[in-house]
Amino acid sequence: MDDGFYRAFEDRYRGSRELIKLRLKTYLPFVRPLLDFYGKGEALDLGCGRGEWLELLAEAGFNAIGVDLDNIQLAACKGLGLNVRTADAIDFIKRLPDANMVLVTAFHLVEHLQFSQLQELVKEALRVLKPGGLLILETPNPENILTGTSNFYLDPMHQRPIPPQLLSFLPEYYGFRKVKILRLQETVRPRKKEQMSLLDVLNGVSPDYSVIAQREGDQSLLEATKDVFDVDTGCTLEQIISRYESYTDCKITSLDHYEQQAFKKEHSLELALQQAATWFVRNEDRPVREDVIAAYRCFLGREPESESAIQGYLKAKNVKGLLKAFSGSKEFQDRINRFGPSHPEEAVYVSYPRRLSLYFLDIVMGIYSRLFSGKAAKKVIAALPWLKEFFRNLFRQQIVEVRLEREKRLHQNMYADTDCLSMFSLSILERLKQKVNTKRSRVV
Numbered sequence: 385m386d387d388g389f390y391r392a393f394e395d396r397y398r399g400s401r402e403l404i405k406l407r408l409k410t411y412l413p414f415v416r417p418l419l420d421f422y423g424k425g426e427a428l429d430l431g432c433g434r435g436e437w438l439e440l441l442a443e444a445g446f447n448a449i450g451v452d453l454d455n456i457q458l459a460a461c462k463g464l465g466l467n468v469r470t471a472d473a474i475d476f477i478k479r480l481p482d483a484n485m486v487l488v489t490a491f492h493l494v495e496h497l498q499f500s501q502l503q504e505l506v507k508e509a510l511r512v513l514k515p516g517g518l519l520i521l522e523t524p525n526p527e528n529i530l531t532g533t534s535n536f537y538l539d540p541m542h543q544r545p546i547p548p549q550l551l552s553f554l555p556e557y558y559g560f561r562k563v564k565i566l567r568l569q570e571t572v573r574p575r576k577k578e579q580m581s582l583l584d585v586l587n588g589v590s591p592d593y594s595v596i597a598q599r600e601g602d603q604s605l606l607e608a609t610k611d612v613f614d615v616d617t618g619c620t621l622e623q624i625i626s627r628y629e630s631y632t633d634c635k636i637t638s639l640d641h642y643e644q645q646a647f648k649k650e651h652s653l654e655l656a657l658q659q660a661a662t663w664f665v666r667n668e669d670r671p672v673r674e675d676v677i678a679a680y681r682c683f684l685g686r687e688p689e690s691e692s693a694i695q696g697y698l699k700a701k702n703v704k705g706l707l708k709a710f711s712g713s714k715e716f717q718d719r720i721n722r723f724g725p726s727h728p729e730e731a732v733y734v735s736y737p738r739r740l741s742l743y744f745l746d747i748v749m750g751i752y753s754r755l756f757s758g759k760a761a762k763k764v765i766a767a768l769p770w771l772k773e774f775f776r777n778l779f780r781q782q783i784v785e786v787r788l789e790r791e792k793r794l795h796q797n798m799y800a801d802t803d804c805l806s807m808f809s810l811s812i813l814e815r816l817k818q819k820v821n822t823k824r825s826r827v828v
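All you need for the working numbering is the position in the sequence shown, starting with 1, plus 384.
Structure follows, in structure tokens:
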């Protein structure tokens, strides 16, 4: 790899020196008890890079040494007066004597190693640490889906991501007393957010984590680090998924509630539309109703049915219901059936104009029954057989013409359809009145 490439790469993708130093301050509460116990302790930073951690250790009072293979990076460290060596990390730690260090650290180094090298590093760290000493290994967190599937592979030197469970198992297996997983660099803790998105699941887990392991040592030193080891940090992928599922379940429940409210509002609107239709029948069609009342009084000599009866005519949902609403002879019912569907049981909506036409036919049939019932009517019919034929032909023509008119005006304005049928039916009544009066005068 070209000289200076990795330095330029880290400057762009890892962050500035100031940012990295700020992040690394997270570890100071873990290492300060070592100074209190050992005084000016020896510390080793493997893969020290630009030396941010070495600066913090020197400021805290440690006698720190850094190791790296990148001479460009080490030149920057030497310019800051830091104690660094050009060496392979594994080879260097192997040459150290036993129980020589109070702290061994490796930030974003272990993902560059083969697994056998990582095992060797952990074993050697245990050997060179003093009792109660700390090992800190920081690496990208593959629990973060975006990190584990994309960002990790930006670095051409990375071997493979290491799950937290695997990296924490190594120091446990080789004999460290305490081991902690520390999740790092969360922007917002998703488990504290009231709202969650899919992005929180994909990128909400800590992008980095570290394993902090403490060697067996003096009980007072172990107690001094107990509080920081017990602090809960970050979220696991399982926790975020569980949190997201709970959030989506709440959203679904809320949407179900809104849907029920929408159904209730829809039902209220349907009722309002029905009431509006009733209002239209009562108010907008007043001229037609007045014609009906006038026809009843003129030709039948009585007042029309009650308002509820009229409403029954107009609100029938199918032909069978319409027949129940109307009164009259079977002949009249047969004629009504010819205006409807072939099956009376069929639940078809009978339009408002059609109901008006049937209503006027009821009036006409009432006159027909009134004129030609009883002995007197039979005598009139016997004396004037042409009158009976006239009514028969008249009603046959009315049925055909109304059906044709209905088909012609099916897609036209309801008012026009209603006015046509109303005028047509009243014209028949007027013709009937004239014919009956003329024939009666002749009979007399």
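We put the beta carbon where it would ideally sit given N, CA and C, even for glycine. Here the structure is a predicted model, which is why all the values come from computation and not from measurement.
Beta-carbon within less than 8 Å of P547's beta-carbon, same chain only, minus the 5 sequence neighbours each way: which residues are those?
P526, E527
If you drop the 5 nearest sequence neighbours on each side, which residues of the same chain put their C-beta closer than 6 Å to that of P417?
A608, T609
Per DSSP, Q598 forms a beta bridge with which residues?
L518, K562
Can you check which of these residues, Y411, R567, I636, F389, is closest to L519 by C-alpha distance?
Y411
Output yes if chain B places a C-beta closer than 9 Å to the C-beta of A459; else output no.
Checking the listed chains, one finds no chain B in this structure; it contains a single protein chain.
In angstroms, rounded to a whole number, what distance separates the CA positions of H496 and E402?
24 Å
Does K564 pass the burial test, meaning 16 or more other C-beta atoms within 10 Å, or should it be called exposed?
buried
Among G388, L502, F647, which has the Cα closest to the Cα of Y558?
L502
Among T489, S400, R396, the one whose alpha carbon lies nearest that of L521:
T489
Buried or exposed for D452, going by 16 or more other Cβ atoms inside 10 Å?
buried
Let me know the secondary structure DSSP gives I449 once reduced to three states.
strand
Could you give the residue range of the alpha helix (DSSP H) that holds F393?
389-397
What does the Cβ neighbour count give for D429, buried or exposed, with the cut at 16 atoms within 10 Å?
buried
Would you call the region 588-598 and the region 527-542 touching, i.e. three or more CB-CB distances under 8 Å?
yes
How big is the Cα-Cα spacing for R391 and Q457?
6 Å
Would you give the residue range spanned by the alpha helix (DSSP H) that A442 belongs to?
436-444
Pull up the DSSP beta-bridge partners for M485, would you.
L513
As an exercise, report each continuous alpha helix (DSSP H) stretch of at least 4 residues that is fully enclosed by the region 586-653, in chain order.
603-608, 610-614
What are the boundary residues of the beta strand (DSSP E) that M472 is part of?
Before going on, a small fix: residue 472 reads as Asp here, not Met. Looking at the DSSP string, D472 is not in any beta strand (DSSP E), and its letter there is neither H nor E.
Which of the three DSSP states is assigned to T531 in this structure?
helix
One question on the structure: do G435 and K514 come within less than 9 Å of each other, judged by their Cβ atoms?
no
So what's P555 in DSSP terms, helix, strand or just coil?
helix
Assign E394 to one of two classes, buried (16 or more other C-beta atoms within 10 Å of its C-beta) or exposed (fewer than that).
buried
Secondary structure of R416, DSSP reduced to three states:
helix
On the criterion of 16 or more Cβ atoms from any shown chain inside 10 Å, does T470 qualify as buried, or is it exposed?
exposed
Reduced DSSP category for R479 - H, G, I as helix; E, B as strand; rest coil:
coil
Under the three-state reduction of DSSP, which class applies to L550: helix, strand or coil?
helix
Is it true that the CB of L554 sits closer than 9 Å to the CB of V595?
yes
Can you say whether M541 is buried or exposed, counting buried as having 16 or more other CB atoms within 10 angstroms of its CB?
exposed
CA-to-CA distance, L586 to K405, given in whole angstroms
27 Å
At the level of alpha carbons, what is the spacing between E851 and L466?
No information on residue 851 is available, as it lies outside the stretch 385 to 828 that the chain covers here.
Kindly indicate which residue of G431, C461, D454, V486 has the alpha-carbon position closest to the one of D420.
V486
Simplified DSSP state of D454, which is helix, strand or coil:
coil
With a threshold of 6 Å on Cβ separation, who are the neighbours of L480 within its own chain once the five nearest residues in sequence on each side are excluded?
V512
Sheet register partners of A490 (DSSP bridge):
L430, L521
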